[in-house]
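Peer 1:
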Amino acid sequence: MSETLAVIADVHGNSCALRAVLADIRSQGITRVLALGDHFSGPLAARECADLLVDSDILCLRGNHDRILSEQTPERMEHSDRVAFDQLAPDHLGWLRALPDVLRLEGIFACHGSPESDTTYWLDRLGPSGETQLRPLPETLALAEGIDEALILCAHTHIPRRVDLPDGRAILNPGSVGCPGFDDTHPQYHVIEAGTHAACYATARPTPQGWATSHHHVPYDTARMVALARQHGRRTWADALGTGWLRGL
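Using UniProt numbering, read the sequence shown as starting at 1 and increasing by one per residue.
1) Grouping DSSP H, G and I as helix and E and B as strand, with all else coil, what is I159?
2) Locate the beta strand (DSSP E) running through R125, then write down its first and last residues.
3) Are the beta-carbon atoms belonging to L44 and G63 less than 8 Å from one another?
4) Sorted by chain position, which residues of the same chain lie with C-beta nearer than 6 Å to A198's C-beta, five sequence neighbours on each side aside?
5) F109 and L153: beta carbons closer than 8 Å?
6) Out of G42, S15 and G37, which one is the CA nearest neighbour of R234?
7) What residue range does the beta strand (DSSP E) around C16 cover?
8) Taking a contact to mean a Cβ-Cβ separation below 8 Å, would you say D118 touches D101 in this structure?
9) So V177 and C200 are supposed to be a Cβ contact under 8 Å. How far apart are they, rounded?
10) Note down, one range per segment and in chain order, each alpha helix (DSSP H) of at least 4 residues found wholly within the segment 191-234.
11) Judging by CA-CA distance, which residue of H190, L34 and I8 is the nearest neighbour of D57?
12) When the Cα of E193 is compared with those of R135, A240 and P187, which residue comes out closest?
13) Exposed or buried, residue 279, counting other C-beta atoms within 10 Å across all chains shown (16 or more means buried)?
14) Assuming L69 contacts L93 under a Cβ cut-off of 8 Å, what Cβ separation, rounded to an integer in Å, is found between them?
15) For L141, I'd like the list of residues in its chain whose CB is within less than 7 Å of its CB, leaving aside the five on either flank, ordered along the chain.
16) Nearest to A98 by CA position, among T73, A84, L59 and L126, is which residue?
17) Would you please state the rounded distance, in angstroms, between the beta carbons of L172 and V7? I believe it to be under 8 Å.
18) Where does T31 sit, in a helix, a strand or coil, going by DSSP?
19) For V54, which residues of its own chain have a beta-carbon under 7 Å away from its beta-carbon, when the five flanking residues on both sides are left out?
20) In chain order, what are the residue ranges of uninterrupted beta strand (DSSP E) at least 3 long that sit wholly in the segment 100-186?
21) Starting from A89 and walking both ways along the beta strand (DSSP E), at which residues does that stretch end?
22) What does a CB cutoff of less than 8 Å around G210 pick up in its chain, not counting 5 residues either side in sequence?
Pasting the structure below:
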């Protein structure tokens, strides 16, 4: 593979952010796009995102919220998943079910969380008080055992990050297209914040010296998505979408 690859992840139903990112990718002449999961779930515009992704040439895999939408009963879903579920057609759910959990391309391994679980933060872990920390190298290496590809792609944390391994492999998280901050209670209460409301994605290009990668932050008008989050009673989503922050607002 010699051409530049665009990597997107964690759209979470934010159609305005997705359109802005896809337009930015097209403006650079990039035609290969890989999406790392969690495409529709959120209190926003799931069906619009489905219309953009399902019949596109974008290569997609399945994230943890895609699994929830396509496998759980609606009664068991949390509120944001249920809002998305109610917007989707059966064909959209079938598309999610058919997505692979892992993709292997020429020189590239891709997953949502980690190879062992779509809910594991690969490059980060939680400290004693729930603070996000860079995962120690031995733990990161252990999760990469058995993966020979030089470029490893993951998502799930919504935080743009690259970690280089001593053997020359690189692990790249593109950040989140559509959800720059969230709180969660698993495995303990914690808050994730990107610190920017821009839509994030990454590009990767092979060189003789290894993979050259870049993170991109695309500004867009967040007003409609913020209004949808508020309409569905999701204040934390509205705060994150509008500012990139949850704490201290």
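Ideal placement from N, C-alpha and C gives every residue a C-beta, glycine not left out.
Peer 2: According to the structure data:
1) Assignment of I159 by DSSP, reduced to helix, strand and coil, places it in the coil class.
2) Start and end: D124 to L126.
3) No, the Cβ-Cβ distance between L44 and G63 is not below 8 Å.
4) The beta carbon of A198 lies closer than 6 Å to those of H217, V218 and P219 in the same chain, with the five residues before and after it left out.
5) Taking 8 Å as the Cβ cut-off, F109 and L153 qualify as a contacting pair.
6) Considering only alpha carbons, the answer is G42.
7) Where C16 is concerned, there is no enclosing beta strand (DSSP E), although the alpha helix (DSSP H) it sits in stretches over S15 to S27.
8) Contact: yes.
9) The beta carbons of V177 and C200 sit about 7 Å from each other, so the pair counts as a contact at 8 Å.
10) Counting only runs of 4 or more, we get 223-231.
11) When only C-alpha atoms are compared, the closest one is L34.
12) For the options R135, A240 and P187, the alpha carbon positioned closest to that of E193 is the one of A240.
13) Absent from the model: residue 279. The displayed extent of the chain is 1 to 249, so no value can be given.
14) Confirmed, about 7 Å.
15) Counting only Cβ-Cβ distances below 7 Å, and skipping sequence neighbours, we find L165.
16) Taking only the C-alpha atoms, the option nearest A98 is L59.
17) The beta-carbon separation of L172 and V7, rounded to 7 Å, stays under the 8 Å limit for a contact.
18) In this structure, DSSP gives T31 a state outside helix and strand, which the three-state scheme calls coil.
19) Excluding sequence neighbours, V54 sits near H92 and W95.
20) With a minimum length of 3 residues, the unbroken runs of beta strand (DSSP E) contained wholly in the segment 100-186 fall at 102-105, 108-111, 124-126, 132-134, 151-153, 161-164, 170-173 and 181-184.
21) Premise fails: A89 is in no beta strand (DSSP E) and is neither H nor E.
22) Answer for G210: A150, G168 and A170, listed in chain order.
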